[in-house]
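Chemist: Have a look at this one before I ask anything.
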Amino acid sequence: MACKNCVVTIVFSVLAILVIQTLQQKEFQISKETQDRKGKLLFSYPQSPVLDLLLKTAAPNYVARNPQDIFDFLRDSYPLPGGLESPLDEYDYVVVGAGSAGSALASRLTEGSKASVLLLEAGKPEMLVTDVPVLAPLFQDTDYAWQYYMERQPGVCMGMEDERCFWPRGKAVGGTSVINYMIYTRGRPQDWDRIAGDGNYGWSYDNVLKYYMKSEKATLKGFDENPYRNRYGVLPVEFVPVRTKLIEAFLEAGRLMGHRTVDYNAPDGFGFGYVQVTISDGRRQSSAKAFLHKHKKRMNLHILPESRVIKVLIDPNTKVAYGVEYVRNRLKRTVKARREIILSAGPIASPQLLMLSGVGPKQQLTSVGISLIKDLPVGQTLYDHICFPGQIFSLNETNVSFTENRDATLPAFIRWLYYGDSGIASPGAVEGIGYIKTEVSDDPEDVPDIELISIGGSIVSDGGPGASKGVRKGMKIKDSVFNEAFGSIDNTDTWSTFLMLLHPKSKGRLELKDNNPFSFPKLYGNYLTDPRDVATFIAGIRHVAKLASTEPFQRYGAKLHPANYRECRMFAFDTDEYWECAIRTLTATLHHQIGTCRMGPAGDPEAVVDPELRVHGIQGLRVVDTSVLPRTISAHTNAPGIMIGEFAADLIKSNWNL
Ligand SMILES: Cc1cc2nc3c(=O)[nH]c(=O)nc-3n(C[C@H](O)[C@H](O)[C@H](O)COP(=O)(O)OP(=O)(O)OC[C@H]3O[C@@H](n4cnc5c(N)ncnc54)[C@H](O)[C@@H]3O)c2cc1C
Ligand SMILES: *[C@@H]1O[C@H](CO)[C@@H](O)[C@H](O)[C@H]1NC(C)=O
Ligand SMILES: *[C@@H]1O[C@H](CO)[C@@H](O)[C@H](O)[C@H]1NC(C)=O
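Residues -24 to -1, 1 to 634 in mature numbering (1 follows the signal peptide of the UniProt record, and there is no 0) are what the sequence shown spells out, letter by letter.
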């Protein structure tokens, strides 16, 4: 409870400082030399009306545009261009969802003014606070997220609140890229070549690489001149500005064990490297920032936040999609598309919308009273990336890792404001990525099965008096479980890697709960139902233990913390049985659900969309987001989502001669 206040205070201070800084910007050129002077000036404006307003948060007499939302005036906004009061009745294209993919798609489609686009988004625009990287774990419990939960599955997420797995998704202009951890990964070439090999023409690595590069604005010292990087795109990709010495230990230990230190996004970059992130000047770069912000005044791009689509209108006879129904300000409205409707609502809402509109598995639709237009296996494939954050090593030196109490202080915030480089700019202390192929892998090709996410600390780093406990809360780990397992090392110096299972054999699915568009669908992860997934995790854990036993980590006296879980007491510490139980206790998703509108050529019984992302059997309807990914990839899914948006824009342009 005390901690909630503390978060509010921190958020509040940042806001106040940012506002004052903005107010001062005209009179004051920012230069490093004047840092001290400015530092003082910052606090010499107590009479600023904006600061007054901020300090009076609790005051009842302030009337914001949206009365429940006192900070609304700090929010980004997307007024319709040309002074329009309301959207038009018809557009060339209607895009549903302004997430990673939808923002890129809408932006590219409206380049050159050849087509008009309405972009409908259920969430609100970003605000100053969402730009702060260190706050990333905290948005999952706010208005900026859809708070989905997986259906209860005995034997996983046993240590999470209510024994359920939490599946938040971004709800904002910018989508999940507004609440994610900003890690930038593209996947291994084989991942994409296999997708193409299934008959998905156009999706080979060489081709998707073009689209990754098209977006990218890389500032990666040492790498950005390489032929597979682009320094002149719109999406900033950088290294994190501050790191601990532990990343050097991770890379050095990796080299000792035969893992090259590489650009892990290079085609031959199977190895370990510094994490690359979509952060610039210490601020989050969502896909809305990269693709929409600069084009607010484009006459042919209309963006409507807080507009929730409830149905795609499809003529049941001709099977042509011609419009959508949406709810805005509590009123139901309709808009028509002359050419296409494009669903970019993400891996949970896109399949749900298809089914609500009559496209989905016949039996399921009829059982909830929806009349069938096209029988397709919507929602029947669902893969996710789960990780295990509980293999933690305590260190014998102080001040080597990040801890919130030391690094997320007010002076650090101020430093971040000027230079963008204190601990505040760190995305949850993630510092490195390492790809490994464990000895239990049955993959004939050189493809990793585990990704190691090296943290300059661990899930205990944000504990202690007054700290946010943001990561453990974001994961919804039960307090009792956390305290029993990690209480003795809370808020101390530690190192850990989150082990992420890249290619799970277990497959989940998604189903409609009912025909109410405001209900959440039923989500079945089916985590760890294939024993090979458990074996891969355990092999990964053994590998990390070897890394930690090398000299670079032993320099810090790295020692495996014997976490004690109530659920696992019957197993001796460090046995395979113990680790399986630990993984089933702290089963944390990294939120990469994919596959629910699986792509595949005509005749593929599991396919929902074709290789050009058109819904099979329906005209004028595409799905463009991470739900189309047909197979697991060795990557986090934000950059792939943006790439899908870029690629789809070109597919649509060439279909319609734009
Ligand atoms: C906490 C968290 C951390 C993550 N960290 C990383 C990371 O570090 N790196 C990484 O690469 N990936 C990360 N991811 C995953 C990644 O961000 C997502 O996979 C990616 O953003 C998905 O893109 P998308 O375009 O498919 O969907 P989204 O970005 O989710 O976009 C869908 C949009 O559609 C909107 N929408 C939904 N329904 C409707 C409706 N009915 N009407 C109108 N609009 C609607 C949503 O509000 C949303 O804005 C993370 C995810 C989470 C949740
Ligand atoms: C660790 O850092 C804190 C705060 O920066 C400082 O007060 C303390 O002296 C440091 N301890 C050591 C052992 O360096
Ligand atoms: C930590 O342990 C290592 C290995 O035992 C030792 O060399 C080092 O001096 C220790 N450091 C401290 C600060 O105790």
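Even glycine gets a Cβ: it sits at the ideal position worked out from N, Cα and C.
Between the beta-carbon of P327 and the beta-carbon of G355, is there less than 8 Å?
Modeler: yes
Chemist: Do you know offhand how far S153's Cα is from W143's?
Modeler: 15 Å
Chemist: Taking A325 as the reference, give the member of L352, V105, G75, P616 with the closest Cα.
Modeler: G75
Chemist: Quick check: K483 and Y394, are their CB atoms within less than 8 Å of each other?
Modeler: It is not a contact, given that the beta carbons lie outside the stated cut-off.
Chemist: Taking the continuous alpha helix (DSSP H) assigned at R254, which residues delimit it?
Modeler: Contrary to the premise, residue 254 reads as Thr rather than Arg in this sequence. No alpha helix (DSSP H) contains T254, which DSSP labels as neither H nor E.
Chemist: Rounding to the nearest angstrom, what Cα-Cα distance links G593 and G336 in this structure?
Modeler: The alpha-carbon atoms of G593 and G336 are separated by roughly 11 Å.
Chemist: Secondary structure at H278, three-state DSSP: helix, strand or coil?
Modeler: In the structure shown, H278 sits in a strand (DSSP, three-state: E or B).
Chemist: If you draw a straight line from the alpha carbon of V303 to that of R574, how long is it in whole angstroms?
Modeler: 27 Å
Chemist: Could you give the distance in angstroms between the alpha-carbon of N540 and the alpha-carbon of G175?
Modeler: Distance between the alpha carbons of N540 and G175 is about 48 Å.
Chemist: From the DSSP output, in three-state form, read off P144 for me.
Modeler: If DSSP states are grouped into helix, strand and coil, P144 belongs with the strands.
Chemist: Can you tell me whether I349 is helix, strand or coil according to DSSP?
Modeler: Here I349 sits in coil by DSSP.
Chemist: Give me the residue from P420, S437, E316 with the minimum Cα distance to V591.
Modeler: E316
Chemist: Since G446 and F378 should fall inside the 8 Å C-beta cutoff, what is the C-beta to C-beta distance between them, to a whole number of angstroms?
Modeler: With a Cβ gap of about 12 Å, G446 and F378 do not count as contacting.
Chemist: Give the list of continuous alpha helix (DSSP H) stretches no shorter than 4 residues that lie fully inside the stretch 77 to 117.
Modeler: none
Chemist: Should L428 be labelled buried (16 or more other beta-carbon atoms within 10 Å of its own) or exposed?
Modeler: buried
Chemist: Closest to Y204 by C-alpha separation, out of K190, V210, G345, V216, would be which residue?
Modeler: K190
Chemist: Within 10 angstroms of the Cβ of D65, are there 16 or more other Cβ atoms? Answer buried if so, exposed if not.
Modeler: exposed
Chemist: Tell me whether N375, by its Cβ, gets closer than 7 Å to a heavy atom of ligand 3.
Modeler: no
Chemist: Which runs of the alpha helix (DSSP H) fall wholly inside the stretch 535 to 579 and span at least 4 residues, in chain order?
Modeler: 552 to 561
Chemist: Would V600 and A624 qualify as a contact pair, given that the criterion is a beta-carbon distance under 8 Å?
Modeler: When the beta-carbon positions are compared, V600 and A624 come within less than 8 Å of each other.
Chemist: For the beta strand (DSSP E) containing K312, name the first residue and the last one.
Modeler: 307 to 319
Chemist: Any heavy atom of ligand 1 within a distance shorter than 7 Å of the CB on N156?
Modeler: yes
Chemist: Does at least one heavy atom of ligand 3 sit under 7 Å from the Cβ of Q166?
Modeler: no
Chemist: With a Cβ-Cβ cutoff of 8 Å, do D169 and Y181 count as a contact?
Modeler: yes
Chemist: For T195, write down the residues that DSSP places opposite it in a beta bridge.
Modeler: E214
Chemist: Please identify the residue among N459, G345, R518 whose C-alpha is closest to the C-alpha of T414.
Modeler: R518
Chemist: If you run the structure through DSSP and keep just helix, strand and coil, what is S525?
Modeler: coil
Chemist: Is any non-hydrogen atom of ligand 3 found closer than 7 Å to the C-beta of N372, if you look at the structure I gave you?
Modeler: yes
Chemist: How many angstroms separate the CA atom of A225 from the CA atom of I618?
Modeler: 32 Å
Chemist: Taking Cβ positions, are G404 and A112 nearer each other than 8 Å?
Modeler: Cβ atoms of G404 and A112: closer than 8 Å.
Chemist: With DSSP collapsed to three states, give me the class of R205.
Modeler: coil
Chemist: State the DSSP-derived secondary structure class of K483, mapped to helix, strand or coil.
Modeler: Three-state result, K483: coil.
Chemist: Please look up how many angstroms separate the CB atoms of L211 and Q252, rounded, as I've assumed it's under 8 Å.
Modeler: With 8 Å as the limit, L211 and Q252 do not qualify as a contact, their Cβ atoms being about 11 Å apart.
Chemist: Specify, as a first and last residue, the run of the beta strand (DSSP E) that I429 falls within.
Modeler: 426 to 431
Chemist: Ligand 3 and F532: does the residue's C-beta get closer than 7 Å to at least one heavy atom of that ligand?
Modeler: The sequence given here places Tyr at residue 532; Phe does not occur at that position. Yes, ligand 3 has a heavy atom inside 7 Å of this Cβ.
Chemist: Using the C-alpha atoms, what's the distance from T608 back to D418?
Modeler: If you take the alpha carbons of D418 and T608, they lie about 15 Å apart.
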